[in-house]
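Residue numbers for the sequence shown follow our numbering, so the first one is 3 and each next one is one higher.
Idealized CB from N, CA, C, for every residue including glycine.
Everything numeric in this text was worked out from a predicted model, so none of it was measured.
All remarks here apply to the structure that follows.
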Amino acid sequence: MNKICYGCGAKFQTKDKNQVGYVPEAKCEDARYCMRCFRMIHYGEERAATTPKEAKEIINKINKDYRFVIFLVDFLNLNKEVVEIFKSIKKEKVLIVNKCELMPKHINQERVREFIANYYGIKDPIRLKGGNNSHGAKSVYNYLESKNIHEAYILGISNSGKSTLINDLIDISGSIVSKTTVNNKANTTLDFIRVKLSRDLTLIDSPGFIINNSLNDDTTGKLITAYNFNMKECETISLLDNTYFFKFDADTPITFYTNLTAKKAIKKYFKAAPGLVNSIEVLGGVDLVILGIGFISIKKTCVITTNIDLKHIEVRKSMFGGKDE
Ligand SMILES: Nc1nc2c(ncn2[C@@H]2O[C@H](COP(=O)(O)OP(=O)(O)OP(=O)(O)O)[C@@H](O)[C@H]2O)c(=O)[nH]1
Ligand SMILES: [Mg+2]
3 MNKICYGCGA KFQTKDKNQV GYVPEAKCED ARYCMRCFRM IHYGEERAAT TPKEAKEIIN
63 KINKDYRFVI FLVDFLNLNK EVVEIFKSIK KEKVLIVNKC ELMPKHINQE RVREFIANYY
123 GIKDPIRLKG GNNSHGAKSV YNYLESKNIH EAYILGISNS GKSTLINDLI DISGSIVSKT
183 TVNNKANTTL DFIRVKLSRD LTLIDSPGFI INNSLNDDTT GKLITAYNFN MKECETISLL
243 DNTYFFKFDA DTPITFYTNL TAKKAIKKYF KAAPGLVNSI EVLGGVDLVI LGIGFISIKK
303 TCVITTNIDL KHIEVRKSMF GGKDE
């Protein structure tokens, strides 16, 4: 049997219900989707795959190919590792920073684009896209048309919206081909899926890259929310129902951006917080990027102590600006 699932790209198999690509023997002839995708599409089930495809395997394949690359990351998950993966793709490519409609409304997106190019040293074109609807996808469609690109890979970080983009482009092009599976958990797409939208445009969906030092293996892609706090000297905040703690040694306003849901995404914490053994000194106007969780924008210079191992944290200049000394 050589068929692959239109939803996730896994090869069909009829032997093991618990492995990817399973379809019941009786349905095998006509099935377009494996059981896992069928259940995600029709019953809204959220199921992560057990083992994501290796980043190296994807990059090697792409670098041997001739096609253009569209690379997606959502602005919440932009970090050095993602940029390194992007730069390791030695092809003509464009970086699409997605879910930008969720940025605070006062943010000048053109400045964010310039910031990303300068701070991360990206020479390739960068485009900000927002909205999982045809409006956001139309700009990508127009871009491909203007560059005369007829075939492209859609690569990027898991859960960044690659399959959604393909489905929106299917709608825009008026094609009736089967849609790919979209889900708010990571690792939905399991292998490459070639989608021929028209005579002039073929796109290839791909499994997402997973961030190595991510603190979160349940990247449920809910809405990104911004939480504002005024920290006073020696106050502590706890994140995500008392999982992570940050103590500030000086007064500073902060904003925490995350798409993770918790009863208390962030709150002030007045007891002695456990495990505050790692400290970082930051200047005003930086983001503390907590891999897999989001980022905290910090306005003023301070020393922060935390229970998080520093390999999960990156300090960068603030993406949205706003030093407040
Ligand atoms: N807010 C917002 N959500 C989006 C956007 N694009 C996609 N999403 C949501 O992000 C989640 C992941 O979308 P997918 O298209 O499955 O992401 P993917 O990159 O294909 O993920 P994998 O196949 O797991 O690598 C879904 O809940 C989408 O509805 C966007 O532009 N804005
Ligand atoms: Mg996908």
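query: Does the beta carbon of Lys-249 fall short of 6 Å from some heavy atom of ligand 1?
result: Position 247 of the sequence shown holds residue 249. No; taking the cut-off as 6 Å, the Cβ of Lys-249 has no heavy atom of ligand 1 nearer than that.
message: Are there any heavy atoms of ligand 2 lying less than 6 Å away from the beta-carbon of Lys-313, as far as the coordinates show?
response: Counting from one through the sequence shown, the residue named residue 313 turns up at place 311. Every heavy atom of ligand 2 is 6 Å or more from the Cβ of Lys-313, so no.
task: For Glu-316, write down the residues that DSSP places opposite it in a beta bridge.
output: Here residue 316 corresponds to residue number 314 of the sequence shown, with the count starting at 1. Looking at the DSSP assignment, Glu-316 forms a beta bridge with Val-291.
query: Does DSSP classify Cys-10 as helix, strand or coil?
result: For the purposes of this step, residue 10 is identified with residue 8 of the sequence shown, where counting begins at 1. If DSSP states are grouped into helix, strand and coil, Cys-10 belongs with coil.
field: Distance, Leu-293 Cα to Asn-214 Cα
entry: To locate residue 214, count along the sequence shown from 1; it is residue 212. To locate residue 293, count along the sequence shown from 1; it is residue 291. In a straight line, the C-alpha of Asn-214 is about 9 Å away from that of Leu-293.
task: Look at Val-291 and Phe-297 and say whether their C-beta atoms are less than 7 Å apart.
output: Here residue 291 corresponds to residue number 289 of the sequence shown, with the count starting at 1. Here residue 297 corresponds to residue number 295 of the sequence shown, with the count starting at 1. Contact flag set, yes.
query: Starting from Lys-273 and walking both ways along the beta strand (DSSP E), at which residues does that stretch end?
result: If you number the sequence shown from 1, residue 273 lands on position 271. Here Lys-273 belongs to no beta strand (DSSP E), and DSSP marks it neither H nor E.
- request: Check Ser-281 in the structure and name its three-state DSSP category.
  value: One-based indexing of the sequence shown puts residue 281 at position 279. If DSSP states are grouped into helix, strand and coil, Ser-281 belongs with the strands.
Reduced DSSP category for Phe-322 - H, G, I as helix; E, B as strand; rest coil: Counted from its first residue, the sequence shown places residue 322 at position 320. Here Phe-322 sits in coil by DSSP.
- request: Kindly examine ligand 1 and report whether one of its heavy atoms sits closer than 6 Å to the Cβ of Lys-63.
  value: Along the sequence shown, read from residue 1 onward, the residue named residue 63 stands at position 61. No; taking the cut-off as 6 Å, the Cβ of Lys-63 has no heavy atom of ligand 1 nearer than that.
query: Apart from the five residues just before and just after Leu-278, which ones in its own chain have a Cβ nearer than 7 Å to its Cβ?
result: Taking the sequence shown and counting its residues from 1, one reaches residue 278 at position 276. A distance below 7 Å between beta-carbons, with the five flanking residues on each side excluded, links Leu-278 to the following residues of its chain, in chain order: Phe-247, Lys-249, Thr-307, Thr-308, Asn-309.
- prompt: At what residues does the beta strand (DSSP E) containing Tyr-259 begin and finish?
  reply: Locating residue 259 in the sequence shown gives position 257, where the first residue counts as 1. From DSSP, the beta strand (DSSP E) with Tyr-259 extends over 254 to 260.
task: Return the residue from the list Tyr-121, Ser-160, Cys-39, Leu-130 that minimises the CA-CA distance to Glu-112.
output: For this step, residue 112 is matched to residue 110 along the sequence shown. When each option's Cα is compared against that of Glu-112, the closest is Leu-130.
- prompt: Buried or exposed: which applies to Asp-18, given that a residue is buried once 16 or more other Cβ atoms fall within 10 Å of its Cβ?
  reply: Residue numbering aside, residue 18 sits at position 16 when the sequence shown is read from its first letter. Exposed, since its Cβ has fewer than 16 Cβ neighbours within 10 Å.
field: Complete beta strand (DSSP E) runs within the stretch 125 to 209 (minimum length 3 residues, chain order)
entry: 128 to 130, 153 to 158, 195 to 198, 204 to 207
- request: Using a threshold of 7 Å, state whether the C-beta atoms of Lys-95 and Val-71 are closer than that.
  value: Numbered from its first residue, the sequence shown carries residue 95 at position 93. Numbered from its first residue, the sequence shown carries residue 71 at position 69. Their beta carbons are under 7 Å apart, which means Lys-95 touches Val-71 by this criterion.
message: Taking the alpha-carbon of Asn-120 as reference, which of Lys-149, Val-85, Asn-100 has the nearest alpha-carbon?
response: Taking the first residue of the sequence shown as 1, we reach residue 120 at position 118. When each option's Cα is compared against that of Asn-120, the closest is Val-85.
- request: Would you check whether ligand 2 has a heavy atom nearer than 6 Å to the C-beta of Lys-164?
  value: Taking the first residue of the sequence shown as position 1, residue 164 is located at position 162. Result yes, Cβ under 6 Å from ligand 2.
field: Buried versus exposed call for Asp-207 [16 or more other C-beta atoms within 10 Å across all chains shown]
entry: As a working note, residue 207 is residue 205 in the sequence shown. Buried: at least 16 other Cβ atoms inside 10 Å.
query: Under 7 Å, do Ser-162 and Leu-74 count as touching if we go by C-beta distance?
result: Locating residue 162 in the sequence shown gives position 160, counting from the first residue. Locating residue 74 in the sequence shown gives position 72, counting from the first residue. Taking 7 Å as the Cβ cut-off, Ser-162 and Leu-74 qualify as a contacting pair.
- prompt: Hey, would you say the C-beta of Thr-191 is under 6 Å away from at least one heavy atom of ligand 2?
  reply: Within the sequence shown, numbered from 1, the residue matching residue 191 stands at position 189. Relative to ligand 2, the nearest heavy atom lies less than 6 Å away from the CB of Thr-191.
task: Tell me, please, whether the CB atom of Lys-140 is closer than 7 Å to any CB atom in chain D?
output: Included in the structure is just one protein chain, with no chain D present.
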